[in-house]
Every structure is written in C-alpha cells, then in structure tokens.
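This report concerns only the one structure given below.
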Amino acid sequence: MSKKTWALVAVALVAALVVPLGVRIAVANTFAFDEHRVSIPVTDAVAAGGTTPDAHTGGRLDGVLTTPKGSTGRHGLIVFVHGDGAANATRDDAYFPLWEAFARAGYATLSWNKAGVAGSPGNWLDQSLADRGAEVAAALDWARTRPEVDTQRMGAWGISQGGWVLPPLAARRPDISFLVLVGPAINWLRQGEYHTLAGLRDASEEERQRALRAQAANVAVLERGASYPDYLAAKVDATPMTQDRYGFVLRNFRADVTPSLARIAVPTLLLLGGADRNVDTAETARVYAETMRPGLLTERTFPGATHSLTRDDIEYRSEDPWVIAQAVVAPRDIYAPGYLDALTDFASRQRAAR
1 MSKKTWALVA VALVAALVVP LGVRIAVANT FAFDEHRVSI PVTDAVAAGG
51 TTPDAHTGGR LDGVLTTPKG STGRHGLIVF VHGDGAANAT RDDAYFPLWE
101 AFARAGYATL SWNKAGVAGS PGNWLDQSLA DRGAEVAAAL DWARTRPEVD
151 TQRMGAWGIS QGGWVLPPLA ARRPDISFLV LVGPAINWLR QGEYHTLAGL
201 RDASEEERQR ALRAQAANVA VLERGASYPD YLAAKVDATP MTQDRYGFVL
251 RNFRADVTPS LARIAVPTLL LLGGADRNVD TAETARVYAE TMRPGLLTER
301 TFPGATHSLT RDDIEYRSED PWVIAQAVVA PRDIYAPGYL DALTDFASRQ
351 RAAR
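Just so we're aligned, residue 1 is where the sequence shown starts under the UniProt record's numbering, counting upward by one.
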C-alpha cells in the first residue's frame, strides 16, 4: 500500500471517529427553545424600591427572552435572578438546560446581563439588593407589554443571592404567581461564616478559630460603616476587597430574608444541594418551613448536589479534562439527577396569578 493510500486510510479512520462525536456534541448542545435578544428600559426604579431611577443599570437591561421552540401564541414567563458575581444573561450558557426544562412546561424565560457585564451599562457592584429587586420589577413591567407573554402566569427563578431579592418582591407583586429558589441563604453574615468554615473542613481547629476571628474583625469594620481607606487600614482581609466590592458588601451585609418569608403568598419550590459548601441548607430548609404559610412550600434536597445544583463530582473537579469533556458532550448531565425534571414538573402545575 502506498504512502498516499495509508494517508487516506488514516484520514478516513480519524473522520469516522471525529465526525460522529461532532454530531453528538452538536445535538447535545441544541436546546428546545428559541432565543431572542431584548433590551429592557429601567427608568422608574425608585418607585419599586431602588436607590436611583435606573437602579445603577445605566437605564437598560440587555437580556435574552426564550420561548418554547417553534411555538406561537402566549406563554407563561419565568424571570431569572442571578446569584452573586458578574454574570451574563446565559451564565455562560449554563442556564440553557434550565430554560429548556421550563420550555417543556410551556414557559418562556427572561434573563439579562448584570449591569456592567458583557457590554451592558451600569455597575452591579453599585447596587443594593433593593436595586436588584427594582430591576426585576422593571423586567416584569416590560414583560407585561409583550404579546408573547401570558401575564397571568409569571413566576421567578432565583439562585443564591437571588433568594434575598425575590421573597420581598413577591410579597409586593401580585403578578408573581410562583417562585423557584435554588440554594438561598437566610442571613448574609451567618452564610459568610458557614462558607468560611466549609472551606476549612480539613483544617485544624486553630486555623478555623483564626479564620472566625478574622471574620469577626471584618464584620466589626462593616458594622461601624468604615470608609474604604479605613477598611484597608484595618487589614482585616489578607486579600482586600476592591473598593467597588467593599461598597457592595457594606450596602448589603445586613440582609436577612426571614421577615419576608411570612409574607410570601405564592407556591414556592425550594431546591437545595446536599453537598452545598456555600450555604447552610439545613438552616434554610428549617427557617422556610417554620416561617412560610402552610401549604405553599415544596422543599427538595438533592444528595451530592452543589450550591448551583450541579453534581459535586463535576463542580468540585471542574479543571479535570474528563469533566470538561463531559460538560461539552452532555451539558444537561452536569446537573443533579432529577433537578431539571423538578423544574418542568413544578412549572407545569402552576395556575394563573391570584
């Protein structure tokens, strides 16, 4: 066999392996929704509890509206509220399986870049949690003008920090007919302490106590409302926060959702991860159960699931090449078994707004 023939055979063998894999990846990353880029005005946020008319968004939210693939007519809508940190509308495509799960129940979804992220105006670090609620209110007001949205079936999904944003808003907005909350904490400061200790689970008792003393010193600085130069001078953090981050924490560190829970009057799905290292899920489950009105709360904890309800064997090994390959080839499988079905099932059972 000539060298040319050998080369052709080699190319054919590679193609036989690579092409099916490419097809599989393409199919796995095709989701059952249509995606529409949208711009949402934010001009009257003070009326919704914001600290400025634009809630530090620069006057608009750059978002993504999805609708069930190939569908027409009106759909219920679920707005997405990010957790902490910079986030674009799709959370780097991690939301796609969730949006598809809601699309299977006949729902559209709406999400947006945080202020200052992915070319959007404003700065999310200038916001208070009330500003974050005001931008959700602006998104709901905008959605009410859209012909594809059934305004009698609007709900909200929120993760982590979104659990401080949505309960007080739901108590004020009769057009929010249900909530889905993923990994919400109860109290900002207790959550910080839990997260600190979870990160030191293999440390000595001396190291844990040292970390707690450092955190207490940090809280003391916040409690006295120290300026940023005073915070730096106090040297309470080994790696100091940026000025913007310090301002964000200073505005929001007193957050506690407990008073708002008793005012929630809509069905609420509380989803928790059994391997969450960020939030004390036992406290969250207990306080929600004790505080919410009877008959409204559905709580489910997924064993082996992380804060974002991804599988712990994936999230806690995120730099492993095999794990990365799994996420590319089977993006839905990064989530805890049963999570996506739980979203579909809950949304399918929701009725029109009260």
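Beta carbons: idealized from backbone N, C-alpha and C, even for Gly.
- In the structure shown, threonine 291 falls within a helical segment according to DSSP collapsed to helix, strand and coil.
- The C-alpha of alanine 233 lies about 13 Å from the C-alpha of threonine 239.
- Burial of threonine 66 is indicated by the presence of at least 16 other C-beta atoms within 10 angstroms of its C-beta.
- When secondary structure is reduced to three states using DSSP, alanine 55 falls in the coil class, being assigned neither helix nor strand.
- The closest CA to that of glycine 116, considering only Glu135, Ala262, Asp150 and His56, is found on His56.
- Along the stretch 136-208, the beta strand (DSSP E) occurs as fully enclosed runs of 3 or more residues at 149-159 and 178-182, listed in sequence order.
- Secondary structure remark: continuous alpha helix (DSSP H) runs of at least 4 residues inside the stretch 239-268, in chain order: 243-252 and 258-261.
- Around the Cβ of isoleucine 78, a 10 Å sphere holds 16 or more other Cβ atoms; the residue is buried.
- Restricting attention to Leu110, Trp99 and Asp34, the CA atom closest to the CA of glycine 63 is found in Leu110.
- By the 16-neighbour rule on beta-carbons within 10 angstroms, glycine 199 is exposed.
- The way I'd put it, the stretch 267-285 does touch the stretch 179-198; three or more beta-carbon pairs between them come closer than 8 Å.
- Excluding residues up to 5 positions away in sequence, Leu269, Leu271 and Arg300 lie with their Cβ nearer than 8 Å to the Cβ of alanine 342 in the same chain.
- Within a 10 Å sphere around the beta-carbon of alanine 289 sit fewer than 16 other beta-carbons, which makes this residue exposed.
- Inter-segment contact for the stretch 177-186 and the stretch 305-313 is present: three or more beta-carbon pairs are separated by less than 8 Å.
- Non-local C-beta neighbours of threonine 151 in its own chain, meaning closer than 6 Å and more than five positions away in sequence, comprise Arg144, ordered along the chain.
- Per the C-alpha coordinates, the member of Gly225, Phe302 and Ala170 positioned closest to alanine 282 is Phe302.
- Per the DSSP secondary-structure output, glutamate 35 pairs in a beta bridge with Thr66.
- By the C-beta density criterion, glutamate 135 is buried, having at least 16 other C-beta atoms within 10 angstroms.
- In terms of Cβ geometry, alanine 101 and leucine 340 form a close pair [threshold 7 Å].
- For alanine 108, the enclosing beta strand (DSSP E) has its first and last residue at 107-112.
- Bridge partners of histidine 75 according to DSSP: Val149.
- Around the beta-carbon of isoleucine 334, 16 or more other beta-carbon atoms lie within 10 Å, marking it buried.
- Excluding sequence positions up to five before and after tryptophan 188, its CB lies within less than 6 Å of the CB of Phe253 and Ala255, all in the same chain and listed in chain order.
- For the 7 Å CB-CB criterion, glycine 247 and glycine 133 do not form a contact.
- Per DSSP, arginine 311 lies in no alpha helix (DSSP H) and is assigned neither H nor E.
- By a beta-carbon distance limit of 8 Å, valine 221 contacts tyrosine 231. Their separation comes to about 5 Å.
- In terms of CA proximity to proline 147, Gly73 leads the group Val328, Gly73, Asp244 and Val42.
- Out of Ala86, Arg37 and Ser71, the CA that lies nearest to the CA of aspartate 244 is found in Ala86.
- In this chain, the alpha helix (DSSP H) harbouring glutamate 100 covers 96-104.
- Here threonine 301 is bridged, per DSSP, to Leu272.
- Under the three-state reduction of DSSP output, valine 279 falls in the coil class, being neither helix nor strand.
- In this structure, isoleucine 264 sits near alanine 170, with a CB-CB distance shorter than 7 Å.
- Annotation: the continuous alpha helix (DSSP H) that includes aspartate 230 extends over 228-234.
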